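What follows is one structure encoded as structure tokens, with my remarks underneath.
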Amino acid sequence: MSKKDPQARRDVPTYCYQCVSGPDLLTVGVEDGVATEVQPNFDSAAVHPAAGKVCVKAYGLVQKTYNPHRIKTPMKRTNPKKGPNEDPGFVPVSWDEALDLVADNLNECRAKGLKDESGYPRVAASFGGGGTPTSYMGTFPAFLGAWGPIDAGFGSGQGVKCYHSEHLYGEFWHRAFTVAPDTPLCEYVLSFGSNVEASGGVCGVSRHADARARGMKRVQLEPHLSITGACSAEWVPIRPKSDPAFLMAMIHVLLHERKWEELDLDFIKHRTSSPYLLGKFGYYMRDPETRKPLIWDANTDKPVPFDTPGAEPVLEAPFLVEHGIEEGADGKEWEHVNERCQTAWEKLVEHTKPYSPLWASQICDVPVKTIRRIALEYLEHARVGETIEIEGRILPLRPVAITLGKTVNNGWGGFDCCWARTLLACLIGGLEVPGGTLGTTVRLNRPATSRQASVKPSRDGFMDYPMNPTDKENWVSRPDVRNANRTLIPLVANSPWSQALGPTHIAWMLQNDTPENWPEPTLPDVWFVYRTNPVISFWDTDSIADTVSRFPFTVCFAYTADETNHMADILLPECTDLESLQLIRIGGTKYFEQYWDHQGFALRQPIVETQGEARDFTWIATELAKRTGLLEAYNNAINRGAAGVRLTSDVVDCSLDEGTEHSVEEIWDAVCRAASVEMSDGKNQDGLDYYREHGLKTIPYERLNWYLYPELEDQGLRFEMPYQEGLYRIGKQLANRLHESGISWWDAQLDEYEPLPVWQDLAALWERALEENFDIDINDFPFWLVTSRSMQYAWGGNADIQMIREVASNIAGHGGVIMNTGRAAELGIGQGDLVEIASPLNTTRGRAILRQGVRPDTLVMIGQFDHWATPLAKTFDVPSMNKLTPMLLDLTDSTGSGADLVRATIRVVEKAP
Amino acid sequence: MTRWGMVADLERCVGCQTCTASCKHTNATPPSVQWRKVLDLEVGAYPDVKRVFVPVGCMHCEDPPCMHVCPSTATRQRADGIVTIDYDLCIGCAYCAVACPYQARYKVNGPTFAYGGRAGMKNEARREDPARLGVAQKCTFCSDRVDYGLANGLTPGIDHEASPACVNSCIAGALHFGDLKDPDSNVSRLLDTHQTFRMHAELGTEPGFHYIWKRKNNAGIDDEVEAPSLFSTGIGNVGGAAPWLQQHWDWRAAGNFIGGGTGSGLLAAIAVASFYAPLSFLYVLLALAFVGAGLFLVWLETGRPWRAPLNVFFNPQTSWMSRESMVAGLLFPLAFVAGWFGTGPLLSVAALVAMGFLYCQARLLKASKGIPAWRTPAIVRLIMTSGLCEGTGLLVAVGFLAPPVYAGLTTVLAVLLVLRLRSWRTYRKSLNGTAPDEALRVIKTMSLPFGLFGHLLPIILIASGYLFVGAAPVVGALAGICALAAGWWMKYMLVTKASYNQGYAINHTPERGAGGGGAGGKPGWGMAS
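Chains G and P, in that order, are what the protein sequence lines are.
Residue numbering for the first sequence is 1 to 913, as defined by this note's numbering.
Residue numbering for the second sequence is 1 to 529, as defined by this note's numbering.
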């Protein structure tokens with residue numbers, strides 16, 4: 001056997017950010033200039049929570065680079081007709097010609113005005129993958145920033161395939177765009193369909209593996225036995241979309257079947273709104289002078305403003321408030337004298353009384369004793385009263401958490417689940433404390449780099465939240481983008497992320513069907529598309545394809561042909577992952593389990609020669625800026641931080657000359673130097689060369705920053721739980737505004753602005769909506785069709801990578817529709833039979849994959865494979881539920897989100913050979 | 001002494017296939033070749049069902065059946081336990097592949113590329129290794145990394161430069177590599193502190209791959225555990241865990257057993273018949289032609305046919321394929337000379353050698369530990385009796401023999417048929433509980449036609465020949481054809497249709513954190529009745 005060094009080659013460090021649970025730090029082996037092998041970046045083991053390990057998707061990058069199906073030159077469409085059945089007739093053109101064509105269209109837009117006659121931006125852009133394309137698009141954000149208004153509201157799955165309710169309510173209640181357990185300390189996790197072993201990235205997987213080895217118990221509640229269910233101590237096959245009932249019943253057990261002393265009463269009294277007194281109209285009873293909500297103080301036995309020093313809040317007693325004021329919607333006020341008031345806590349107790357385990361059992365199809373046992377296990381594991389020292393500070397230790405997955409977490413019922421989950425954490429004092437339920441990043445609040453810094457006090461003693469205005473003066477009555485996020489969704493705020501988190505399917509739906517008193521729909525004059533494929537990744541994909549084919553000028557940054565760029569006018573091949581240059585922030589706290597003990601920056605660099613005529617994204621952005629006369633504004637945007645780091649600094653100025661065109665290397669060298677400066681307060685100015693060699697640079701990150709509780713404690717603030725007085729008022733105001741504008745088609749959504757969530761029969765809601773919209777008998781569609789993520793594909797945009805397909809095939813379900821073995825036998829369906837799955841909207845075909853680990857009333861289709869243009873993927877012949885799921889206003893919740901499920905039926909087309 | 005081994009912690013494994021991908025990168029394996037992969041098993045029935053992810057690959061057995069059967073000595077075992085393949089010696093007969101009960105071996109005959117076509121991508125071209133074409137390949141425990149590490153003072157399993165790629169890549173910390181003989185090694189400590197099992201331990205290959213399924217309690221004592229119910233809980237084939245029909249040996253391999261059996265049986269029948277009357281040399285030539293045709297067919301199946309005729313003789317110590325080849329080498333000149341000179345005693349010696357050849361073929365199948373329908377000891381008698389039935393049947397059918405010779409041979413044939421039928425019954429019985437459902441299903445469907453047309457019918461025909469003497473040659477020929485055809489069909493079916501491999505099994509489902517861990521399962525086994 002040879003004793004030669006098996007690694008006799010160059011190993012180049014880089015990062016992979018194909019999915020939201022990245023970035024992963026890796027090295028790529030290069031032999032004779034050819035990338036051959038991906039490996040973990042072992043040098044980063046000390047700073048990376050998963051010791052520098054790399055997710056399976058990153059191993060697809062070598063094939064991605066050399067894929068023979070790559071588009072390697074700019075292309076121009078020659079067939080003016082667009083549609084799935086039209087041959088685009090793409091012909092190669094020079095970069096000059098392609099960029100001039102794009103610039104001409106952009107310049108024309110600018111000449112006509114940046115907004116069209118309906119007030120919508122003329123330029124739109126869609127990016128996929130939960131924001132991950134930003135880590136690949138170089139300085140393109142600087143170009144968009146320089147451009148002006150952009151409509152980023154044409155979604156490609158956002159809102160329906162993300163954790164939408166959590167994103168919005170999570171940020172609202174605890175600065176938690178994403179929520180994760182404090183896995184390194186947690187001992188008991190209830191996972192409602194959350195699929196951390198498939199979508200939690202290497203940090204999630206390794207942390208949960210460590211936690212299991214430590215003896216952590218995780219219970220997975222989900223209609224099918226997912227990857228995460230497989231890795232859990234217990235699987236509870238709950239009925240689809242019945243999760244809120246289970247959670248409500250848990251609250252019932254804690255409030256009505258146990259002594260309250262077992263709960264964290266100190267947390268409840270001092271860190272939540274539970275002791276706030278309510279008036280008879282459902283708003284807080286306020287002190288007439290300070291207008292602060294009142295609590296009842298046990299020391300003085302009288303109502304005092306919530307923040308009165310030394311006050312000891314009382315949760316339950318007869319409260320007679322001598323004088324108080326209720327503030328309703330639109331400035332309406334009620335003055336009360338000698339008013340008998342309830343606390344929010346009492347209201348909660350009363351509200352949850354009907355939601356018993358017996359009640360939930362019927363809805364969830366889970367035995368009463370299981371619900372009760374799980375509620376009690378949750379309570380027992382919470383260790384109420386215990387503390388832990390973190391970096392010198394004593395904090396509560398509550399090693400229990402609840403996580404919510406996709407579908408649980410969006411559409412109707414999402415609010416209920418998020419509320420119940422957050423409340424359950426509050427009841428045992430486990431919100432944002434060690435071991436408990438944590439938020440890990442902010443996207444709607446500012447600054448984006450620090451959850452702690454985003455905490456500002458509201459007048460009611462909570463964290464202030466940047467709601468979109470609903471008052472008469474400030475309401476955005478005329479939508480500024482096509483999905484009307486700021487008009488309809490107060491909670492979505494107004495950050496750079498807000499458009500993508502608005503009701504993104506509305507942008508598509510309203511193209512075909514304009515509701516009353518709404519601006520005429522218009523198509524964007526220019527549409528940029530990068531790393532996303534809405535024609536297969538959203539719902540009702542036939543309809544999306546139809547709409548996309550009507551877009552007048554579509555520019556796709558294209559890696560291979562796909563279903564969306566099939567309708568493009570220009571294809572621009574950008575350098576892919578191993579060919580281009582970019583520096584990104586790593587560490588700190590990011591999505592899900594990405595909370596680190598370090599923070600810093602990592603570089604993605606050209607590892608191999610660019611294939612064909614592909615160009616670095618930064619070069620493309622600079623060229624577009626130049627050709628549209630925006631170079632100065634573009635450079636200015638970079639200097640202000642559009643490339644991820646602010647170049648101008650008081651300490652050391654790394655900024656670029658704004659009047660000059662800079663090369664890709666010059667730009668990123670400046671960004672690298674600015675990053676080094678930022679990390680060292682100017683003591684270090686390592687530039688591009690350093691990062692090229694080492695790949696990353698980090699500094700320690702305080703673990704205390706994982707927890708928001710200390711910040712609230714320091715500022716004397718409370719979590720806005722359980723009572724939603726603010727949302728209730730906002731809902732009333734929004735209703736007023738919409739009704740004043742003659743809009744009544746959003747009324748069902750307005751009903752969701754409740755102070756406490758009232759159970760609604762979600763199954764019936766779906767059934768009714770489908771029956772009413774499609775004139776069908778729901779009994780003809782007896783199955784719930786749901787989907788599930790897979791680690792090999794989630795967010796990857798990698799359906800055309802052969803090796804990924806090959807290794808994914810080892811995991812059941814990638815090749816067809818999963819159904820219960822016993823139920824299949826009843827229907828005469830055998831393993832591998834070709835079946836047709838029909839929803840009220842459409843039909844699709846695929847192979848039956850029979851498994852024991854799925855409810856008899858549920859079908860599962862993993863991922864979203866319905867490709868007809870993407871090379872390789874179009875040969876898979878795998879069904880996707882996207883084609884079957886309708887976009888219905890009836891099934892859109894108040895946050896503008898829909899849930900990824902539909903009713904379906906299944907029949908054999910051809911028996912397996 | 002060192003014994004490199006691997007430990008897979010089933011509690012940790014999440015089935016992400018990062019190890020699979022990483023192995024493909026490091027070892028540059030072509031599409032569909034996965035030296036390391038992770039299975040996706042289900043055990044139990046809804047709603048009491050467990051899903052388990054099980055890393056598999058070469059188990060680097062202490063007593064590797066692949067090595068024993070290898071005719072070329074390409075497969076060897078190093079002193080440190082790693083089972084290796086010398087691509088320059090391997091003839092690509094795939095005997096090792098059917099002998100491996102872990103389905104760990106692959107053979108790729110021509111260049112294959114991720115996106116098809118005649119040329120690969122740059123990375124494929126850079127890593128292309130023609131030496132791997134047409135030969136067996138499998139996991140090497142990344143022995144080049146291990147050796148590099150040892151040569152540079154590193155510790156395999158601890159230092160990543162010296163460790164297998166799959167272990168390095170595992171994001172769940174599920175895969176561990178180390179010295180099983182060193183009581184202080186990382187893997188030994190894991191085995192000390194956990195309850196473990198080895199897959200298919202009952203087959204006695206002593207695999208060097210251990211599976212953790214449960215932590216030991218604080219006292220380091222195993223808890224009481226439910227006895228593994230290996231034969232009752234397998235379900236379905238999704239996840240690739242249930243046995244599948246081996247594809248290594250096809251009709252050409254079957255042709256060797258058909259030709260070899262018929263030819264050697266024919267020689268034996270000729271030797272017996274020649275006691276009564278001398279037979280034409282052509283009969284001996286026909287017998288040798290059958291044996292030769294069989295060998296030719298199986299030669300066609302080798303991946304490296306030009307080195308096969310020499311390298312196949314390299315391992316007579318343990319390989320029945322080497323032995324078969326050697327006996328064939330003796331058989332041809334001996335039988336030729338015996339036939340040419342028509343000497344009865346020499347012919348008898350040739351017939352004995354032919355029986356030796358037939359025995360080698362039977363043992364060749366029996367040594368295929370990876371194929372339950374072959375490895376049963378009962379297959380030896382079945383192959384032997386069938387070869388004799390086929391040869392005798394052929395002689396009866398084409399012999400145009402004088403009446404006393406004919407009468408004697410038909411009686412012998414009748415007796416042989418009875419013996420073959422009994423062998424078949426014994427064979428079938430021996431498979432109960434030792435073969436997977438699908439193999440049993442195939443065998444079951446074979447039984448009636450095999451018994452009816454291959455045995456009962458020819459016996460009736462032979463009997464009717466006694467009663468209706470005038471029709472005897474015709475019905476005798478028919479009986480012979482039946483005996484012959486049934487033998488051929490039976491072997492064709494056993495080699496190509498009943499040859500389901502062992503599949504995979506786990507003795508226990510793992511605990512997952514504070515719960516789970518119980519009886520294991522063996523997908524594809526024990527459901528048929």
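All C-beta atoms, glycine included, are put in the ideal place defined by N, C-alpha and C.
Since this is a predicted model, take the numbers as computed values, not measurements.
Checklist entry - How would you write the range of the beta strand (DSSP E) that E473/G sits in, first residue to last? => result Segment: none, E473/G is in no beta strand (DSSP E) and carries neither H nor E.
Checklist entry - What's the C-alpha gap between G234/P and V43/P? => result The predicted model places G234/P with a pLDDT of 35, which falls under 50 and marks its position as unreliable; any figure quoted below should be read in that light. When rounded, the distance between both Cα atoms is 6 Å.
Checklist entry - When the Cα atoms are used, what is the spatial distance from R258/G to E386/G? => result 19 Å
Checklist entry - How long is the line joining the alpha carbons of G153/P and D159/P, rounded to whole angstroms? => result 10 Å
Next on the checklist: Give me the subset of the segment 155-183 of chain P whose CB atoms are less than 8 Å from a CB atom of chain G, sorted by chain position.
Outcome noted: H160, E161, A165, N168, S169, C170, I171, A172, G173, A174
Next on the checklist: Going residue by residue through the segment 678-723 of chain G, where are the continuous alpha helix (DSSP H) segments of at least 4 residues, counting only ones entirely within it?
Outcome noted: 688-694, 709-715
Item to check | Buried or exposed (CB count within 10 angstroms, at least 16 for buried), R805/G | outcome: buried
Item to check | For L175/P, the nearest candidate out of A8/P, V474/P, D63/P, F141/P (CA to CA) | outcome: A8/P
Checklist entry - Excluding sequence positions up to five away, which residues of its chain have a Cβ less than 6 Å from the Cβ of D365/G? => result R239
Item to check | A435/P and P377/P closer than 8 Å at C-beta | outcome: no
Item to check | Segment limits, beta strand (DSSP E) that includes R51/P | outcome: 48-57
Next on the checklist: Strictly below 7 Å CB to CB, what residues from chain G border E42/P?
Outcome noted: R851, Q852, G853
Checklist entry - For D32/G, which residues in chain P fall below 9 Å Cβ to Cβ? => result R126
Checklist entry - Given 8 Å as the limit, is there contact between the segment 466-486 of chain P and the segment 391-405 of chain P, that is, 3 or more CB pairs closer than that? => result yes
Item to check | Helix, strand or coil at N507/P [DSSP, three-state] | outcome: strand
Next on the checklist: Quick test of your reading: Q611/G and T65/G, contact by CB under 8 Å. State the CB separation rounded to the nearest angstrom.
Outcome noted: 7 Å
Checklist entry - Span of the beta strand (DSSP E) holding D179/P? => result 175-179
Item to check | Whole-angstrom distance between M467/G and E432/G, CA atom to CA atom | outcome: 22 Å
Next on the checklist: Using beta carbons (cut-off 8 Å, strictly below), is Y66/G in contact with chain P?
Outcome noted: yes
Checklist entry - Residues in its own chain within less than 7 Å of A241/P by CB, not counting five upstream and five downstream? => result L39, L41, G503, Y504, P523
Checklist entry - Closest Cβ-Cβ distance between H69/G and chain P: below 8 Å? => result yes
Item to check | Same chain, Cβ closer than 7 Å to T385/P, neighbours up to 5 away in sequence not counted | outcome: L416, L419, R420, S423
Item to check | With 16 other Cβ atoms within 10 Å as the buried cut-off, status of W249/P | outcome: buried
Checklist entry - Any idea what DSSP makes of D893/G, helix, strand or coil? => result coil
Item to check | Chain-ordered neighbours of G515/P on chain G, where CB pairs are closer than 7 Å | outcome: K217, A233, E234
Next on the checklist: Need the endpoints of the beta strand (DSSP E) that E595/G sits in, please.
Outcome noted: The sequence given here has Tyr at residue 595/G, not Glu. Note, Y595/G: beta strand (DSSP E), 595-604.
Checklist entry - How is K214/P classed by DSSP in three states: helix, strand or coil? => result strand
Checklist entry - Mind pulling the alpha helix (DSSP H) runs of 4 or more residues that sit fully within the segment 294-373 of chain G? => result 344-352, 357-364
Item to check | Residue range of the alpha helix (DSSP H) that includes F557/G | outcome: First-last for F557/G: 554-557, but that is the beta strand (DSSP E), not the alpha helix (DSSP H).
Checklist entry - Per DSSP, Q864/G forms a beta bridge with which residues? => result In DSSP, Q864/G forms no bridge with anything.
Item to check | Proximity to T290/G [Cα-Cα], best of E312/G, L265/G, H323/G, G29/G | outcome: H323/G
Item to check | V38/G burial status per 10 Å Cβ neighbour count (16 or more: buried) | outcome: buried
Item to check | Where P960/G falls: helix, strand or coil (DSSP) | outcome: Any answer about residue 960/G is impossible in this case: the structure gives chain G only from 1 up to 913.
Item to check | Inter-residue spacing [alpha-carbon to alpha-carbon] between W745/G and P515/G | outcome: 7 Å
Item to check | Coil, strand or helix - M384/P by DSSP | outcome: helix
Checklist entry - Exposed or buried, which one is S264/P when buried takes at least 16 other CB atoms within 10 Å? => result buried
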